[in-house]
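Just add 346 to wherever you are in the sequence shown, counting from 1, and you've got the working numbering.
The beta carbon of each residue, even a glycine, is placed where N, CA and C say it ideally should be.
Please read these numbers as outputs of a predicted model, since none were measured by experiment.
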Amino acid sequence: MKRWKLQNKLAVSVALIIVCVSLACTFLISWWHNRLLSASALQGMAATAQNTVRRISPFVYSQSWANVLITLSNDFANREDLLYCRVTDPLGRVLLSVPRQEMESREPFYMDTSVDPHRVRLDRTFQILASKFPQRLIVQEARLDRSVVHQQHLRGRAGEKILDVRADVIHGDTVLGHLRMGFSRRLVLEATRQSRRALLILAGCLLFTVLAGIFFVVHREVRPLQRMTQKLKDVLPGGPETMEDGVRSLDLSSVRATTREVDDLKEAFVYMQKSLVESYRRLEAQQEKLQEEVKERTAELVRINQALQEEVKERTRSQQALKESEERFRYLLTTIPMVAVRGYGPEGTIHYWNKSCQEIYGYTAEEVIGSNVWQVLNPAEDTPPERSHPVPASMHSLRPEEPREKTFVRKDGTPVDVFSSTIVRQTPDGPPEIFSFDIDLTPIRRMEDELEKAKKLEAIGHLAAGLAHDFNNLLTVILGNINMARLWLPPTSPESERLMAAEKASVQAKELTQKLITFSEGGVPRKVETSIQNLIEDAASLALAGSNVRCESRAEDGLNSVRVDPDQLRHALYHVLKNGREAMPQGGTVQVEARVLAVGDDEWAPLEKAGLTAEKVVRIQVRDSGQGVPPAVVDKIFDPYFSTKPRGADKGQGLGLTIVHSIIRRHGGVVLVESTQGLGTTVSLYLPLSDPGM
347 MKRWKLQNKL AVSVALIIVC VSLACTFLIS WWHNRLLSAS ALQGMAATAQ
397 NTVRRISPFV YSQSWANVLI TLSNDFANRE DLLYCRVTDP LGRVLLSVPR
447 QEMESREPFY MDTSVDPHRV RLDRTFQILA SKFPQRLIVQ EARLDRSVVH
497 QQHLRGRAGE KILDVRADVI HGDTVLGHLR MGFSRRLVLE ATRQSRRALL
547 ILAGCLLFTV LAGIFFVVHR EVRPLQRMTQ KLKDVLPGGP ETMEDGVRSL
597 DLSSVRATTR EVDDLKEAFV YMQKSLVESY RRLEAQQEKL QEEVKERTAE
647 LVRINQALQE EVKERTRSQQ ALKESEERFR YLLTTIPMVA VRGYGPEGTI
697 HYWNKSCQEI YGYTAEEVIG SNVWQVLNPA EDTPPERSHP VPASMHSLRP
747 EEPREKTFVR KDGTPVDVFS STIVRQTPDG PPEIFSFDID LTPIRRMEDE
797 LEKAKKLEAI GHLAAGLAHD FNNLLTVILG NINMARLWLP PTSPESERLM
847 AAEKASVQAK ELTQKLITFS EGGVPRKVET SIQNLIEDAA SLALAGSNVR
897 CESRAEDGLN SVRVDPDQLR HALYHVLKNG REAMPQGGTV QVEARVLAVG
947 DDEWAPLEKA GLTAEKVVRI QVRDSGQGVP PAVVDKIFDP YFSTKPRGAD
997 KGQGLGLTIV HSIIRRHGGV VLVESTQGLG TTVSLYLPLS DPGM
């Protein structure tokens, strides 16, 4: 920040002080003068009112209103600041007014109706001066509600503040009425403004004169200091003065001192110059010596610096390569999919646990680091004595184990089969490190089971297709002959009833063949936009018709337009609801709920275990309150021709849930069953959403 010069700072400081003092004095003088003017004006108004009352009292007493009017008119004409004169009776009713106004109004036209007539409202100055008036003289501040014009000359404007002087008209000791006279404050204010303007002009002239004198005196006293400062600048490096033994000379002979302080400052500068010359000579000799030493040391440092730079570059390249290799290896071990890598010491203390370990075993790295690996995984094939050892016997000899299948226990207590191999890494300064690589066999076993089931279904499908078509042809002939025979028999005959039973059994057999054809043919679903709620209601009306089982369904908003094959999905829902009805022979309620699930939801975990790769699915959940299914039977309910009911004409044939499984798989979804004996069964159908925006 640029600093002010001493001359300017002194001048401005003194000027500010004088300006403040001048303004304060001007304000006080103006205030006192205004007070005197206001007092003089107010005394004149009071004198006018008292003189007028004294002159009109005899006329009012004798009711000589013409003389009263003449007296008031003369006063109104003689004073330019007089706005009105009005005589009222003791009750305030107007008797006479100048200038003449509407006499019908009994209220004073000039008064603001919001002003309390018994309260004096004056400014501070008038309050002080009004205290000197007689008790029978009242002064109050008011506003005109209309303009006052006299001989085409505007005396008062509407809304203008005025002084209303009220004096009692007395004859003897009797109050005959009141005289109210309104005076304008414009003349007083105009005189005050002119006086203030004159004072300001006078104060400005005096202030300008004083400031000019201050600047002149300050400039005269500071000038020697400025010249000395300029001389000092000249002797600095780059200045124009001559050299004396390597030091610039300081000539102050041309500087004339105006005060004793400036003279002392000159002598101090001269003494300082002599000291600087001596110091400069000593420093110059030392500088030459140091320059020689610096040259020698600099050359040596340059050689050392070059060698260090080459070494630093080489180490930097090596460290960068090592860092990249370490990061690459760490990233590979951490993110490698489907391979759980766990590292531990000879005593089994875990020090490394990658992401796949967390996915397979359920433990996070923070939970297991520092724990014993065999206490965490708890190998299912270990015998109790073997579990007491921290590591297997093969690890005590620090030899790698042969790759083999093992069964460990997850965090949730469920067993998991893995294919495990182990390596041992010898460290130069510490104990060896052991690394195990585990591959989860669950997806492989699941794929094998699915492949075996698909082969089984394919074989059964081919066999069922041929049998169903041939059997369907035979049933067509049988049903035709039964219908022909019934035409020749009376409806009530025993033979007709037997034929009716045979026809019913043939129709059920035909329905069975149709299921076999549907199961064997399969086919790609023909997906169209369909309302899930409508499909549920259609399937429920067919499956629960004629029973004492009712259906409660609820579909989430946004499931009115889902791309599925409506015929196949309705067929699948029909079989699921039919199984729920048969599970409750005494009646009950089947609850159906449809909603959308996305990756990350709390209920998404079973779908990951089932191998579903979609990011968003529709879940249709059918829940009954029957007796439930034993755990040993749950895994078999989707097998063809498996049924827990006795076979017969009125029972199932074990194809319903097989068809459901086939339809949902063709849609790319899965079917999950949860059952608790005594509480009921829940069948969940998961269908991938083809529209990611749903």
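Check                                                                                                                                                                          : Outcome
Can you list the alpha helix (DSSP H) stretches of 4 or more residues lying completely in the segment 609-677, in chain order?                                                 : none
Looking at Ile824: is its Cβ nearer than 7 Å to the Cβ of Ser852?                                                                                                              : yes
For Asn413, which residues of its own chain have a beta-carbon under 7 Å away from its beta-carbon, when the five flanking residues on both sides are left out?                : Phe405
Considering only residues of the same chain and omitting the five flanking positions on each side of Pro683, which have a CB-CB separation below 7 Å?                          : Ser702
Grab me the residues of Glu751's own chain with a C-beta within less than 8 Å of its C-beta, minus the 5 sequence neighbours each way, in chain order.                         : Asp763, Val764, Phe765, Ser766 and Leu787
Can you tell me whether Pro912 is helix, strand or coil according to DSSP?                                                                                                     : helix
Taking the C-alpha atoms as reference points, what is the distance between Ser664 and Glu657?                                                                                  : 11 Å
Let me know the secondary structure DSSP gives Glu487 once reduced to three states.                                                                                            : strand
Leaving out five residues on either side along the sequence, give the residues of the same chain with a beta carbon under 6 Å from the beta carbon of Asn380.                  : Thr538
Looking at the secondary structure, which residues open and close the alpha helix (DSSP H) in which Asp884 lies?                                                               : Ile878 to Ala889
Could you say if the segment 361-375 and the segment 388-397 meet the contact criterion of at least three C-beta pairs nearer than 8 Å?                                        : no
Per DSSP, what kind of secondary structure is Gln473 in: helix, strand or coil?                                                                                                : With a pLDDT of 45 at Gln473, under the threshold of 50, the modelled position of this residue cannot be trusted, and the question is left open.
Look at Arg503 and Arg526 and say whether their C-beta atoms are less than 7 Å apart.                                                                                          : no
Taking Thr876 as the reference, which of Ile363, Thr555, Thr773 and Val908 has the closest Cα?                                                                                 : Val908
Is Ile769 buried or exposed, if buried means 16 or more other CB atoms sit within 10 Å of its CB?                                                                              : exposed
What separation, rounded to the nearest whole angstrom, lies between the Cα atoms of Phe984 and Thr1004?                                                                       : 5 Å
Compare the Cα-Cα distances from Leu483 to each of Phe783, Ala686 and Val521 and report the closest residue.                                                                   : Val521
Look up Leu437 in the DSSP assignment and say whether it is helix, strand or coil.                                                                                             : coil
For the alpha helix (DSSP H) that contains Ala711, what are its first and last residues?                                                                                       : Ala711 to Val714
Would you report the Cα separation of Ser1021 and Asn925, rounded to the nearest angstrom?                                                                                     : 13 Å
The beta strand (DSSP E) that contains Leu943, what's its start and end?                                                                                                       : Gly934 to Ala944
Hey, could you find the ends of the alpha helix (DSSP H) Pro977 is sitting in?                                                                                                 : Pro977 to Val980
Which runs of the alpha helix (DSSP H) at least 4 residues long sit entirely within the segment 527-558? Give them in chain order.                                             : none
Give me, in chain order, the residues of the same chain whose beta-carbon lies closer than 7 Å to that of Val980; leave out the 5 immediate sequence neighbours on both sides. : Val1019 and Ser1021
So the candidates are Arg916, Leu1025 and Gly957; which of them puts its Cα closest to the Cα of Arg969?                                                                       : Leu1025
How about Tyr698 and Gly708: are their beta carbons less than 7 Å apart?                                                                                                       : no
Which residues does DSSP pair with Gln967 in a beta bridge?                                                                                                                    : Glu939 and Ser1030
Only counting the same chain, and skipping five residues up and downstream in sequence, which positions put a Cβ closer than 8 Å to that of Val895?                            : Gly926, Arg927, Met930, Gly933, Gly934, Thr935 and Val936
Rounded to a whole number of angstroms, what is the C-alpha to C-alpha distance between Ile402 and Gln409?                                                                     : 10 Å
Spell out the partners DSSP gives Ser899 in its beta bridges.                                                                                                                  : Val938
Taking only the alpha-carbon atoms, compute the straight-line gap between Arg531 and Val564 and give it to the nearest angstrom.                                               : 48 Å
According to DSSP, simplified to helix, strand and coil, what is Ser359?                                                                                                       : helix
Taking Asp519 as the reference, give the member of Glu487, Tyr407 and Gln973 with the closest Cα.                                                                              : Tyr407
Helix, strand or coil, according to DSSP, for Leu787 in the structure here?                                                                                                    : coil
Check whether the Cβ atoms of Ala831 and Leu845 lie closer than 7 Å to each other.                                                                                             : yes
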